[in-house]
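*Asks:*
2 protein chains.
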Amino acid sequence: MRARDLLVEFPTVALDTPVIEAARLLAEQGLPGLMVVDGAGSPQAILPGPQVLWLAVPGYCQDDPALARVVDERHADTFLTSLGDRTVREALPAKPRELPVSDPDATLLELAALMARTRSPLVAIVDDDRLLGAVTLQTLLAKALDT
Amino acid sequence: MRARDLLVEFPTVALDTPVIEAARLLAEQGLPGLMVVDGAGSPQAILPGPQVLWLAVPGYCQDDPALARVVDERHADTFLTSLGDRTVREALPAKPRELPVSDPDATLLELAALMARTRSPLVAIVDDDRLLGAVTLQTLLAKALDT
Numbered sequence: 001m002r003a004r005d006l007l008v009e010f011p012t013v014a015l016d017t018p019v020i021e022a023a024r025l026l027a028e029q030g031l032p033g034l035m036v037v038d039g040a041g042s043p044q045a046i047l048p049g050p051q052v053l054w055l056a057v058p059g060y061c062q063d064d065p066a067l068a069r070v071v072d073e074r075h076a077d078t079f080l081t082s083l084g085d086r087t088v089r090e091a092l093p094a095k096p097r098e099l100p101v102s103d104p105d106a107t108l109l110e111l112a113a114l115m116a117r118t119r120s121p122l123v124a125i126v127d128d129d130r131l132l133g134a135v136t137l138q139t140l141l142a143k144a145l146d147t
Numbered sequence: 001m002r003a004r005d006l007l008v009e010f011p012t013v014a015l016d017t018p019v020i021e022a023a024r025l026l027a028e029q030g031l032p033g034l035m036v037v038d039g040a041g042s043p044q045a046i047l048p049g050p051q052v053l054w055l056a057v058p059g060y061c062q063d064d065p066a067l068a069r070v071v072d073e074r075h076a077d078t079f080l081t082s083l084g085d086r087t088v089r090e091a092l093p094a095k096p097r098e099l100p101v102s103d104p105d106a107t108l109l110e111l112a113a114l115m116a117r118t119r120s121p122l123v124a125i126v127d128d129d130r131l132l133g134a135v136t137l138q139t140l141l142a143k144a145l146d147t
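Protein sequence lines correspond, in order, to chains A and B. For reference, each letter of the first sequence is one residue, going 1 to 147 in the UniProt record's numbering. For reference, each letter of the second sequence is one residue, going 1 to 147 in the UniProt record's numbering.
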């Protein structure tokens, strides 16, 4: 079995997509993260799901989540509005992670090695810099358990 | 809105659950990870999804995933059999991550702060050490976008 047999379509965002749209995609589709592509559609980064919260949560709350409780419930409910029109570019981790990218010929073991190494539940599959889709941990495990 | 309004049931595994069973749960339910509980049902750790691959993939392949391609396809397809009866305890990261745990009164902002801080897409909700369930990033985002 090869990566091409496990491909799923995976929604992408651009570096200048508003983070709030990225949050909406994650909420609607229950994805583990989003693929960030450049203008030519080539993968630039993975935006891990929890990272969309990073810009919306004040630093003092991240340092000590218990401090977040001093914010009253009504304001706590609407914390995402603080994202305004900030973009995915601003939300990406400062130290970019190794990008889990492979090609359509990758075997199950190769995809698993890449996920284990990068701690990513998805691998982008590209052919000549063109994004074909992704292989998710869920699909990989289902196929590997089925063989 | 409080954590108690966002609770979902979340499957748990024990420290001596075979990793292959954890992999099956992840494959069947498309979860971002699993909650590891002790005999009394109290959360001990989060097993991030990609971590189930860690024991199954030889170290040299993790160091350089391209090396995995020298393994022929038939053996690559069945790499999970190498897990044998190894347990979740052996699969947990050596350096345990901060455990994202909160209580039923936590606000949306507090849960978001915990997810952003621990980079976890789920928070375990406990009451007097008893696990009530989890709040997932997906539910949190859906509610926060809806308000």
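Using N, Cα and C, we set each Cβ at its ideal position, and we do this for glycine too. Note that the structure is a prediction, hence the values are computed from the model and not measured.
Express the C-alpha separation of A/Leu114 and B/Leu7 in angstroms, rounding to a whole number.
*Replies:* 33 Å
*Asks:* Can you tell which of A/Pro32, A/Pro65 and A/Gly41 has its C-alpha closest to the C-alpha of residue 202 of chain A?
*Replies:* The shown model of chain A, from 1 to 147, leaves out residue 202 of chain A, and the question about it has no answer.
*Asks:* Are the Cβ atoms of A/Val57 and B/Ala112 separated by less than 7 Å?
*Replies:* In this structure, B/Ala112 lies closer than 7 Å to A/Val57 by Cβ.
*Asks:* Identify the continuous beta strand (DSSP E) that holds A/Val8 and give its terminal residues.
*Replies:* Careful: A/Val8 lies outside any beta strand (DSSP E) and carries neither H nor E.
*Asks:* Which residues in the same chain as A/Pro18 place their Cβ atom closer than 8 Å to its Cβ, once the five residues preceding and following it in sequence are excluded?
*Replies:* Leu83, Asp85, Arg86, Thr87 and Val88
*Asks:* What in chain A is Cβ-close to B/Val71, meaning under 9 Å?
*Replies:* Thr107, Leu109 and Glu110
*Asks:* In terms of DSSP beta bridges, what is A/Gly33 paired with?
*Replies:* A/Pro48
*Asks:* Hey, would you say B/Leu109 sits closer than 7 Å to A/Ala76, going by beta carbons?
*Replies:* yes
*Asks:* Give a yes or no on whether 7 Å exceeds the smallest Cβ distance from A/Leu99 to chain B.
*Replies:* no
*Asks:* Sort A/Asp63, A/Leu55 and A/Tyr60 by Cα distance to A/Ala94 and report the nearest one.
*Replies:* A/Leu55
*Asks:* For A/Leu26, go through chain B and note every residue whose CB falls closer than 8 Å to its CB, in chain order.
*Replies:* Here the neighbours are Leu137, Gln138 and Leu141.
*Asks:* Along chain C, in chain order, which residues have C-beta atoms closer than 7 Å to that of B/Arg119?
*Replies:* The chain labelled as chain C is not found among the protein chains of the depicted structure, namely A and B.
*Asks:* Please report the Cβ distance between A/Gly41 and A/Leu131, rounded to the nearest whole angstrom; I am assuming they are in contact, meaning their Cβ atoms lie under 8 Å.
*Replies:* About 5 Å separates the CB atoms of A/Gly41 and A/Leu131; that is less than 8 Å, so the two are in contact.
*Asks:* May I ask you to list the residues that DSSP assigns as paired with B/Gly133?
*Replies:* B/Ile125
*Asks:* Based on Cα-Cα distance, which residue from A/Leu34, A/Leu26 and A/Asp105 lies nearest to A/Val13?
*Replies:* Closest option to A/Val13, judged by alpha-carbon separation, among A/Leu34, A/Leu26 and A/Asp105: A/Leu34.
*Asks:* Look at the Cβ atom of A/Ala127, then the Cβ atom of A/Pro104, and state whether they are nearer than 7 Å.
*Replies:* First, the residue type needs correcting, since residue 127 of chain A is Asp and not Ala in the sequence shown. Taking 7 Å as the Cβ cut-off, A/Asp127 and A/Pro104 qualify as a contacting pair.
*Asks:* I'd like to know whether the C-beta of B/Leu6 is nearer than 7 Å to at least one C-beta of chain A.
*Replies:* no
*Asks:* Just the Cα atoms here: how many angstroms apart are B/Pro65 and A/Thr136?
*Replies:* 16 Å
*Asks:* Report the rounded CA-to-CA distance for A/Gln51 versus B/Arg119, giving the unit in angstroms.
*Replies:* A/Gln51 and B/Arg119 have their C-alpha atoms roughly 7 Å apart.
*Asks:* Sort A/Gln138, A/Leu140, A/Pro100 and A/Leu145 by Cα distance to A/Gln44 and report the nearest one.
*Replies:* A/Pro100
*Asks:* A/Val101 bridges to which residues according to DSSP?
*Replies:* Paired residue(s): A/Ala124.
*Asks:* Could you tell me which chain B residues have their CB closer than 7 Å to the CB of A/Phe10, listed as they occur along the chain?
*Replies:* By Cβ distance, chain B contributes nothing, its closest Cβ being about 14 Å from A/Phe10, past 7 Å.
*Asks:* Does B/Pro43 get closer than 7 Å to chain A when you measure Cβ to Cβ?
*Replies:* no
*Asks:* Could you tell me whether the Cβ of B/Met1 comes closer than 7 Å to any Cβ of chain A?
*Replies:* Chain A contact via Cβ: present.
*Asks:* For A/Gln62 and B/Ala27, which I take to be in contact (beta-carbon distance under 8 Å), what is that distance rounded to the nearest angstrom?
*Replies:* Not a contact, Cβ separation roughly 32 Å.
*Asks:* Is it true that the CB of A/Ala134 sits closer than 7 Å to the CB of A/Leu145?
*Replies:* no
*Asks:* Would you say A/Gly84 reaches chain B, if we count a Cβ-Cβ gap shorter than 7 Å as a contact?
*Replies:* no
*Asks:* Using only alpha-carbon positions, find the residue among A/Arg117, A/Asp5, A/Thr107 and A/Leu67 that is nearest to B/Arg117.
*Replies:* A/Leu67
*Asks:* Find the nearest neighbour of B/Phe10 within the set B/Ile46, B/Leu53 and B/Ile20, judged by alpha-carbon distance.
*Replies:* Closest option to B/Phe10, Cα to Cα, is B/Ile46.
*Asks:* Please list the partners that A/Pro65 has in chain B, where partner means a Cβ-to-Cβ separation under 7 Å.
*Replies:* Those within 7 Å of A/Pro65 in chain B are Glu110, Ala113, Leu114 and Arg117.
*Asks:* Please state the DSSP three-state secondary structure of A/Thr17.
*Replies:* It is coil, neither helix nor strand.
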